[in-house]
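These protein sequence lines map, in sequence, to chains E and Z.
Residue numbers for the first sequence follow the working numbering, beginning at 2 and rising by one.
Residue numbers for the second sequence follow the working numbering, beginning at 40 and rising by one.
Built from N, CA and C at the ideal position, the CB exists for glycine as well.
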Amino acid sequence: MRGTLNDQSLIYLQIARMLEDDILRGVYREEEQVPSTNELARGYNINPATAAKGINLLVTDGILYKRRGIGMFVSKGAGETVRQKRKAAFYDGYVKPLVKEGTSLALTGEELLAMIQQAIGEEKKK
Amino acid sequence: MNAGILSAQNLCKSYKDKEVLHNLDLTIEPGKIYGLIGRNGAGKTTLLGILTAQNTKNSGEVTYNGQPVWENQTALNDICFSRELQPTLFSGPNNLKIKHYLKSAAIYYPNWDQAYAGRLLEEFKLEKKKKISQLSKGQMSMVTILIALASRAPITILDEPAAGLDVVMRERFYQLLLEDFAQTNRTFIVSTHIIEEAASVFERVIILDEGRILENTETEELIAQFRYVSGREDVVDRVCNGLKVLSTHQMGRHKTVAVRGDVVKLESAQEADVDIAPMNLQNVFVSLCGHGDAQ
Chain E
2 MRGTLNDQSL IYLQIARMLE DDILRGVYRE EEQVPSTNEL ARGYNINPAT AAKGINLLVT
62 DGILYKRRGI GMFVSKGAGE TVRQKRKAAF YDGYVKPLVK EGTSLALTGE ELLAMIQQAI
122 GEEKKK
Chain Z
40 MNAGILSAQN LCKSYKDKEV LHNLDLTIEP GKIYGLIGRN GAGKTTLLGI LTAQNTKNSG
100 EVTYNGQPVW ENQTALNDIC FSRELQPTLF SGPNNLKIKH YLKSAAIYYP NWDQAYAGRL
160 LEEFKLEKKK KISQLSKGQM SMVTILIALA SRAPITILDE PAAGLDVVMR ERFYQLLLED
220 FAQTNRTFIV STHIIEEAAS VFERVIILDE GRILENTETE ELIAQFRYVS GREDVVDRVC
280 NGLKVLSTHQ MGRHKTVAVR GDVVKLESAQ EADVDIAPMN LQNVFVSLCG HGDAQ
């Protein structure tokens, strides 16, 4: 677990997002245990009910599952599930704001596409 | 430790001819940390005093597990209200020592945890023999925190525990509170003016404004209902149609409004050419209780 909380979005969403990030980064691998509600509460000075809400969100999405009496574990294929979930949100969260900002700057569609092509090229060189 | 339900119905309280609590209803469910926030003079301490039968009421009822709390020792055994200490007592300085407070707390609270009190005394570096009148504001807060935590009362109420504490100590206090809560799952009610750093600790927040309960809501659920919307006047007005506008700020044609509405409606506002920013609990509080005082 890494990262810190900010006040930009609801805390339970931040907790869920941080756990997802850590699953993508391989901090927590499939079938490994993630921190408990109380550990998260202590680590971030937040109410355990809020931490539980974040964890439950990931359970609903099939990213974590509960082993009775032991704790929460990373589901099989959780990384792929997170990726699919984020891809679904990518259009609304990134593409639409990009086009909106471009439009308010009076960029044409061709100019926008050219910039995206350029960025893809730069990313490949890395 | 099983806390019961603490509840107030139709509570009214006046000091002379000034009514400070108006027909107030409140239910405190067991096993949650409540934050109580309100402006100066909103009636917070009066309310807490009445909930714990330390202050009288004019009408209405306060019950714990269905039984009236007034002069009810069984109920009061379960309730700890750790009041703010005062440097003066009656007309002179408060010459009672810390150890006197600890001794009477040990007698009064049946679940008193002496070992826990000892550990906190050491951690806070408090000297038992010191008089209350010799303590700093922060040290007085530490004594009230110590008594509240060590009381192990199923319902524990702290009035302004953060007052006078430095930022490190405030963080430590919330840590201690959460550690205790994880172990005991008892009910806490904490009043504070330093809202933002406590917001993440409160499962529910009670907003008291001019003697009325404006909100008793899950903290994040409440915050999610509020946004700032800003942009060109006419676009902002169009977007905010159907949302409750709480405050408006205008500079030329640029307009910023604080709005409240259902989450779906707020999300759809994102489509328009306006900037939408989330609020934190402090922003929500100012929007609801500012009454135009803040500029």
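For residue i, the nearest candidate out of the options (CA to CA)
i        : options                                   : result
Z:Ser5   : Z:Tyr267, Z:Ala202 and Z:Leu197           : With chain Z running from 40 to 334 in the structure shown, residue 5 of chain Z is simply not present.
Z:Gln48  : Z:Ala42, Z:Tyr103 and Z:Pro69             : Z:Tyr103
E:Leu59  : E:Ile47, E:Arg68 and E:Met73              : E:Met73
E:Thr61  : E:Leu25, E:Lys86 and E:Tyr95              : E:Lys86
Z:Asn133 : Z:Thr91, Z:Met179, Z:Ser98 and Z:Gln214   : Z:Met179
Z:Ser98  : Z:Lys176, Z:Arg243 and Z:Glu58            : Z:Glu58
E:Gln34  : E:Leu14, E:Thr51, E:Leu65 and E:Arg43     : E:Leu65
Z:Pro69  : Z:Leu115, Z:Tyr155 and Z:Ala42            : Z:Ala42
Z:Ile118 : Z:Leu124, Z:Ile89 and Z:Leu159            : Z:Ile89
E:Leu14  : E:Lys67, E:Leu108, E:Ala79 and E:Ile47    : E:Ile47
Z:Arg345 : Z:Glu110, Z:Ile228 and Z:Gly177           : It is not possible to answer for residue 345 of chain Z, since the shown part of chain Z is limited to 40 through 334.
Z:Leu215 : E:Lys127, E:Gly44 and E:Leu99             : E:Gly44
Z:Asn322 : Z:Ser53, Z:Gly270 and Z:Ala297            : Z:Ala297
Z:Asn224 : Z:Ala237, Z:Glu242, Z:Thr91 and Z:Val275  : Z:Glu242
Z:Val240 : Z:Ile228, Z:Lys168 and Z:Val303           : Z:Ile228
Z:Cys328 : Z:Met181, Z:Ile76, Z:Ser130 and Z:Val206  : Z:Ile76
Z:Ala189 : Z:Lys142, Z:Gly203, Z:Asp205 and Z:Ala202 : Z:Lys142
Z:Glu257 : Z:Arg292, Z:Arg271, Z:Lys283 and Z:Ala238 : Z:Ala238
Z:Ile233 : Z:Gly74, Z:Lys55 and Z:Pro107             : Z:Gly74
Residues that residue i contacts on chain C, provided the C-beta gap is smaller than 8 Å
i       : result
E:Pro49 : Absent here is chain C; the protein component of the structure consists of chains E and Z.
Collapsed DSSP secondary structure at residue i in the structure displayed
i        : result
Z:Val59  : strand
Z:Ile252 : strand
Z:Phe212 : helix
Z:Val284 : strand
Z:Leu45  : strand
Z:Gly329 : coil
Z:Val244 : strand
Z:Glu166 : coil
E:Asp62  : coil
Z:Ile194 : strand
Z:Leu204 : coil
Z:Ala263 : coil
Z:Gln125 : coil
Z:Ser172 : helix
Z:Thr66  : strand
E:Tyr45  : helix
Z:Val108 : coil
E:Arg69  : coil
Z:Ser239 : coil
Z:Gly131 : strand
Z:Glu199 : coil
Z:Gln289 : strand
Z:Leu320 : helix
Limits of the beta strand (DSSP E) - the one that residue i falls within
i        : result
Z:Val101 : Ser98 to Tyr103
Z:Lys83  : Taken as a continuous stretch (DSSP letters only), Z:Lys83 belongs to no beta strand (DSSP E), being part of the alpha helix (DSSP H) at Lys83 to Leu90.
Z:Thr226 : Thr226 to Ser230
Z:Leu185 : Counting along the chain, Z:Leu185 falls outside any beta strand (DSSP E), though it belongs to the alpha helix (DSSP H) covering Lys176 to Ser190.
Z:Gly77  : Ile72 to Gly77
Z:Lys294 : His293 to Arg299
Z:Ser121 : Ile118 to Ser121
E:Gly72  : Gly72 to Val75
E:Ile12  : E:Ile12 -> not in any beta strand (DSSP E); alpha helix (DSSP H) instead, spanning Ile12 to Leu25.
Z:Asp314 : Asp314 to Pro317
Residue range of the alpha helix (DSSP H) that includes residue i
i        : result
E:Thr82  : Ala79 to Phe91
Z:Ala308 : Premise fails: Z:Ala308 is in no alpha helix (DSSP H) and is neither H nor E.
E:Ile117 : Gly110 to Lys126
Z:Ser143 : Ile137 to Tyr147
E:Ser37  : From DSSP, E:Ser37 is part of no alpha helix (DSSP H); its letter is neither H nor E.
E:Glu102 : Lys97 to Ser105
E:Arg30  : Unbroken run through E:Arg30: none, as it is neither H nor E.
Z:Asp152 : First-last for Z:Asp152: undefined, no H or E at that position.
Z:Glu272 : Glu272 to Val278
Cβ distance (whole Å) where residue i is taken to contact residue j below 8 Å
i        : j        : result
Z:Leu217 : E:Ala42  : 6 Å
Z:Ala156 : Z:Leu185 : 6 Å
Z:Leu135 : Z:Lys170 : 7 Å
Z:Ile194 : Z:Thr226 : 5 Å
Z:Val85  : Z:Lys52  : Checking the displayed sequence, the identity of residue 85 of chain Z turns out to be Thr instead of Val. Sure, about 6 Å apart at Cβ, within 8 Å.
E:Thr51  : E:Ile12  : 5 Å
So, does the stretch 59 to 76 of chain Z touch the stretch 237 to 256 of chain Z, judging by three or more C-beta pairs under 8 Å? yes
Touch check for the stretch 261 to 272 of chain Z and the stretch 305 to 318 of chain Z: three-plus C-beta pairs under 8 Å? yes
Evaluate the contact criterion for the stretch 28 to 47 of chain E versus the stretch 74 to 84 of chain E: three or more CB pairs, one atom per stretch, below 8 Å. yes
Between the stretch 79 to 95 of chain Z and the stretch 156 to 166 of chain Z, can you find at least three pairs of beta-carbon atoms closer than 8 Å? no
Are the stretch 73 to 84 of chain Z and the stretch 141 to 157 of chain Z touching by the rule of at least three beta carbon pairs closer than 8 Å? no
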